[in-house]
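Below: the structure, in structure tokens.
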Amino acid sequence: MKRFVLGVLGLTGAWLWSRGARDPREWPKRLPKEVAALWDDLDDAFAAGRRAAARQTADFEDDLRRVKPGQ
Amino acid sequence: MDIAWADVLRAALSFFLIIVGIGIAYVCFRLGGMLRRMSMTVVRVTDEVVPILSRAQTTVDGINLELQRVDEIMVSAVNATKGAEKTVTSLSNAVTAPVKKASGFAAAAKEAMATFRAKRAEGVHTKPTTDATSEAATPPAQAAAPEPAQPKDGIRVQEHAATNGSVPDELPPELRSRDRGPSISQISWALPKRRA
Numbered sequence: 016m017k018r019f020v021l022g023v024l025g026l027t028g029a030w031l032w033s034r035g036a037r038d039p040r041e042w043p044k045r046l047p048k049e050v051a052a053l054w055d056d057l058d059d060a061f062a063a064g065r066r067a068a069a070r071q072t073a074d075f076e077d078d079l080r081r082v083k084p085g086q
Numbered sequence: 612m613d614i615a616w617a618d619v620l621r622a623a624l625s626f627f628l629i630i631v632g633i634g635i636a637y638v639c640f641r642l643g644g645m646l647r648r649m650s651m652t653v654v655r656v657t658d659e660v661v662p663i664l665s666r667a668q669t670t671v672d673g674i675n676l677e678l679q680r681v682d683e684i685m686v687s688a689v690n691a692t693k694g695a696e697k698t699v700t701s702l703s704n705a706v707t708a709p710v711k712k713a714s715g716f717a718a719a720a721k722e723a724m725a726t727f728r729a730k731r732a733e734g735v736h737t738k739p740t741t742d743a744t745s746e747a748a749t750p751p752a753q754a755a756a757p758e759p760a761q762p763k764d765g766i767r768v769q770e771h772a773a774t775n776g777s778v779p780d781e782l783p784p785e786l787r788s789r790d791r792g793p794s795i796s797q798i799s800w801a802l803p804k805r806r807a
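And the structure:
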């Protein structure tokens, strides 16, 4: 458990470091902003994925209809 | 000498009748031989043709039997073809739905990943970094207006890079990397794809 917590803390610190927060004192302020930005990006990505899936499904059905016109 | 013409006539008629009788007898004798040979020939032909006809009948019966079997085989083949067609149709319908879902899921994952990476690459150089650096590097009175500092810093970095050919080392790394922006591959990945 201790290793797990330390690992999570280490990964979080490394992530914030990679995002430009090089001073650990600013990590408590940066973490909510980074998480919010991450959720926003994930929401956008999911929305884009849903649109792409709908488009791909429609194209697939068009292809099937073109191959088998009776259906 | 007294000739009796009546006797001569009778004698001639008798001779003629005798000749005619001989001729008729000869013809009847030849006709009898011919009829005998003909009857023998008919018997021989009959003896030869009847087995041939019976064998031909057997052959025709066998051919009819084979034709019935072929007909049954054709019916079975038609039924098998119909069954195979139904199976293929069912299989196609059963396979199409998961493949459609998998295709949609793959496209969604690809597009979502591209969008996420593009957003992340874009987000590295924008707001949280500048907020943190401005808060850390400037006093609180100046940290209230961080937004106008972005274009000035970017322009300053661009001018320095244009004149010296490199980014100044004294700038913090997040400020230097802000000027870079997304790469060509990231932009092309994030753009909507056209199907061929």
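Chains as they are written, first to last, in our numbering: chain A, 16 to 86; chain B, 612 to 807. In this text, a Cβ means the ideal position worked out from N, Cα and C, and glycines have one as well. Nothing here was measured: the structure is a model prediction, and the numbers come from that model.
Check                                                                                                                       : Outcome
In chain order, each alpha helix (DSSP H) run of at least 4 residues that lies wholly inside the segment 620-646 of chain B : none
Backbone secondary structure at A760/B - three-state DSSP                                                                   : Interpretation of A760/B is limited by its pLDDT of 42, a score under 50 that renders its predicted location unreliable; no figure is taken from the coordinates.
Integer-rounded CB distance, given that A801/B should sit under 8 Å from A725/B                                             : 5 Å
Boundaries (first-last residue) of the alpha helix (DSSP H) holding P43/A                                                   : 42-82
Closer than 6 Å: D59/A CB and nearest the ligand FMN heavy atom                                                             : This structure lacks the ligand FMN, and indeed carries no ligand of any kind.
Inter-residue spacing [alpha-carbon to alpha-carbon] between G634/B and T669/B                                              : 52 Å
Residue ranges of each beta strand (DSSP E) within the segment 671-715 of chain B, 3 or longer                              : none
Three-state secondary structure assigned by DSSP to I663/B                                                                  : helix
Residue range of the unbroken alpha helix (DSSP H) whose run includes L24/A                                                 : 17-33
Assigned exposure category for E49/A - 16 Cβ within 10 Å defines buried                                                     : buried
Selection from S794/B, A723/B, I798/B, P803/B that minimises the alpha carbon distance to D56/A                             : A723/B
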